[in-house]
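Residue numbers (the numbering used here): 55 to 371. From the three backbone atoms N, C-alpha and C, an ideal C-beta is built for every residue, glycine too. Please read all numbers here as calculations on a predicted model, not as lab measurements.
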């Protein structure tokens with residue numbers, strides 16, 4: 055498990071504990087026991103004292119923000135207990151990006167947090183000769199033309215792997231591998247979009263953001279601030295609790311319906327940008343996932359453009 059993943063798991067535990075500490079004094083709170091909780095707890099307690107303190111402060115800042123937005127947390131009425139849970143990784147593979155859940159089963163209410171420790175990536179996806187990104191991202195198979203274009207590139211990577219080559223020793227890897235692979239990806243994305251008008255932009259965002267609304271919580275340790283973004287795509291966040299209303303209203307976001315541009319980022323040979331309507335822009339940076347050459351590559355996917363009315367709050371700590 056890489057250091058970013060370890061810290062991410064530890065921060066999930068800090069967020070869960072922060073919510074529990076803030077709410078358990080006024081209502082019954084049940085923390086659901088599962089293997090994901092055990093892993094997160096282990097990574098949290100395995101961190102340095104300074105790291106734990108920063109995570110706690112960052113998580114407490116997020117809790118302060120979310121309690122102002124979610125009266126269902128602070129005003130339970132008769133809907134007790136409140137269940138808190140850390141999701142198993144398998145749910146993420148099924149398209150649910152939420153890490154920490156707050157659930158009231160009595161009125162079928164729940165919200166989720168996607169917890170990020172010092173990074174803003176939304177997805178890490180792979181490309182290989184056997185991965186049909188059209189099918190796995192959009193539910194629409196990629197064309198044979200796409201596979202015919204990429205197979206020679208992965209043939210070359212197979213040969214380099216057999217020789218035990220390291221990525222750092224590969225000359226012109228951008229021009230030899232990255233650029234032609236990204237060009238094939240762009241052509242296929244445009245082909246899928248042209249053959250399925252109006253579908254692909256929305257499904258791209260659904261693939262990246264999942265099928266559930268959530269609060270994205272990003273702690274920035276150097277700046278000592280926590281960023282909270284409300285991805286209210288389906289209108290389930292920010293609900294009243296009886297007569298108790300949220301202090302701040304969170305607007306529902308409008309999904310994209312069109313691609314304006316799909317092209318390489320300026321002065322880059324490993325990153326493309328997908329610009330959509332309604333304020334959305336997606337950045338996809340391709341990179342090798344390990345030091346040794348393998349016949350697969352990874353995308354680091356980020357939202358570099360979001361609708362201007364996306365509720366975003368920076369809370370200092």
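Query	Result
Beta-carbon gap between residue 352 and residue 118 smaller than 8 Å	no
CA-to-CA distance, residue 125 to residue 113, given in whole angstroms	18 Å
Residues bridged to residue 178 (per DSSP)	354
Test item: CB-CB of residue 269 and residue 284 under 8 Å	yes
Residue 307 and residue 287 closer than 8 Å at C-beta	yes
Whole-Å CB distance - residue 127 paired with residue 91, under 8 Å assumed	Residue 127 to residue 91, Cβ: 19 Å. No contact.
Within 8 Å, strictly: CB atoms of residue 196 and residue 242	yes
Buried/exposed call for residue 267, threshold 16 Cβ in 10 Å	buried
Segment contact, 8 Å Cβ cut-off, at least three pairs: the stretch 56-75 with the stretch 169-183	yes
Residues that residue 169 bridges to, as DSSP identifies them	271
Of the listed residues 299, 334 and 100, nearest to residue 311 (C-alpha basis)	334
Length at least 4, wholly inside the stretch 74-122: the alpha helix (DSSP H) runs in chain order	89-99
Local conformation of residue 228 per DSSP, three classes	helix
Burial state of residue 314 (16 or more Cβ within 10 Å)	exposed
Status (buried if at least 16 other CB within 10 Å, exposed otherwise) for residue 202	exposed
Residues sharing a beta bridge with residue 164, DSSP	157
Proximity winner among 168, 178 and 157, relative to residue 151 (alpha-carbon distances)	168
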